[in-house]
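Residue numbers 0 to 268, in numbering that gives the first Met the number 0, belong to the letters of the sequence shown in order.
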Amino acid sequence: MSNVEDAKRAAAKVAVTNHYPKDARWVGIGSGTTIVYVVEAIKALGVDTSLTHYVPTGYQSRQLILNAGLMAVEFDAIPPGTVLDVAFDGADEVDDDLNCIKGGGACLFQEKIVAMQSKEFICVADSRKLQSNLLSNWKYVPIEVAPIAAYRVLRKLEELGSVKPAIRTSLTPKEGPLKTDQGFFIIDAPFPPLLNTADIAAGKTGSGAWQVDALARHIKQIAGVLEVGLFSGMTGPQARSAGGVGGQRPVAAYFGMPDGSVSVRKAAA
Ligand SMILES: O=C[C@H](O)[C@H](O)[C@H](O)COP(=O)(O)O
């Protein structure tokens, strides 16, 4: 097993220990390679999971839940008024404000609606994802788009300043564009590193540099875009005190470090 895998497993264990309510009834399960260790850590808790509903964020996530012997309940089967106790997910990059880039594995739309239906959204990752600004190490924003609008969206992204946005292809070029769980395409849109709140407070507004929320909003407004792989704005507790349900931004992110330790970044209360 590689060090990166060990780091993901260590982060998942601490995140689950700290945030999984022993009496959880509704739990969101994200997508990717790190979430596998979250499910492993949930099983290792040894708590009674027979009454717990696990809400997947796509095909891989659903298979993961079922293969672990847990109960999978699709998002559209959540009873009205039900808020998930917690949702766990991976991330491609997390900034100082706990804004995230997601969608590197082509899952972002279901991940976002599950996060926004949860009291607490928790991210688990390895140290490569821990950055001060989004688009530092991870170079593009994944965007889920309707196939018929893909070329129009590409042009609009260029107008916003993206250099060479591209439709993501499947592993074998013969299969053409990669399809999401919704049958949509993913566009990967490179932008310069995004500003965090410290940059804005310090008056750093370099030319062409976007603030995370502003870029997410502008991209979302393009007709043909289903969802943007920028998770920003309110956390769950903030959204609920404003009369809503949950937020896109995690309340905490756990990063497995190369030395075996786990680093935690928490949202201000
Ligand atoms: O599209 C995939 C999801 O957003 C993943 O959660 C994200 O890409 C992180 O994946 P991994 O845990 O494999 O690094």
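Ideal placement from N, C-alpha and C gives every residue a C-beta, glycine not left out.
Distance, residue j Cα to residue i Cα
i    : j    : result
A241 : C122 : 22 Å
E174 : G103 : 19 Å
A251 : C106 : 20 Å
A149 : K155 : 10 Å
V140 : Y36  : 25 Å
Q220 : K12  : 38 Å
S126 : I34  : 15 Å
D258 : E4   : 13 Å
P236 : K118 : 7 Å
M0   : I147 : Low confidence applies to M0: its pLDDT is 47, below 50, so where it sits in the model is not reliable, and the reading given next is rough at best. Each residue's Cα considered, the two are about 42 Å apart.
L335 : L63  : Residue 335 is absent from the model: the chain starts at 0 and stops at 268.
Q130 : D95  : 7 Å
R61  : A71  : 6 Å
K138 : S169 : 19 Å
V244 : N17  : 21 Å
A14  : S231 : 20 Å
S262 : Y253 : 6 Å
G202 : N195 : 11 Å
V46  : E92  : 31 Å
K163 : G207 : 15 Å
Within 9 Å, strictly: CB atoms of residue i and residue j
i    : j    : result
V211 : L193 : yes
G29  : V113 : yes
V54  : L97  : no
A67  : E39  : yes
R151 : A222 : yes
A165 : A124 : no
S255 : R8   : It should be pointed out that residue 255 corresponds to Gly in this sequence rather than to Ser. In contact: G255 and R8 (Cβ atoms closer than 9 Å).
V26  : F74  : no
T48  : L69  : yes
D180 : R167 : no
I218 : I185 : no
Any chain B beta carbon closer than 9 Å to residue i
i   : result
N17 : Looking for chain B here will not work: only one protein chain is present.
Residue i (DSSP reduced to helix, strand or coil)
i    : result
P191 : coil
D88  : strand
M0   : Bear in mind that a pLDDT of 47 at M0, under 50, signals an unreliable position, so the number given afterwards is only what the model happens to contain. Three-state result, M0: coil.
A208 : coil
A165 : strand
F183 : coil
V93  : strand
Y19  : coil
For residue i, the residue or residues it bridges with in DSSP
i    : result
Y139 : P189
H52  : W25, M70
V224 : V144
L63  : None; L63 has no bridge partner.
F230 : C99
L83  : S117
L129 : V93
Host alpha helix (DSSP H) of residue i (start-end)
i    : result
A271 : Because the chain here runs from 0 to 268, residue 271 falls outside it and cannot be looked at.
R264 : Segment 261-265 is the beta strand (DSSP E) holding R264; no alpha helix (DSSP H) there.
E174 : Counting along the chain, E174 falls outside any alpha helix (DSSP H), and DSSP gives it neither H nor E.
I77  : Here I77 belongs to no alpha helix (DSSP H), and DSSP marks it neither H nor E.
G235 : 235-240
A149 : 149-158
L44  : 34-44
P197 : Per the sequence shown, the amino acid found at residue 197 is Ala instead of Pro. Per DSSP, A197 belongs to the alpha helix (DSSP H) from 196-200.
Residue span of the beta strand (DSSP E) that contains residue i, given as start and end
i    : result
Y253 : 251-255
F120 : 120-125
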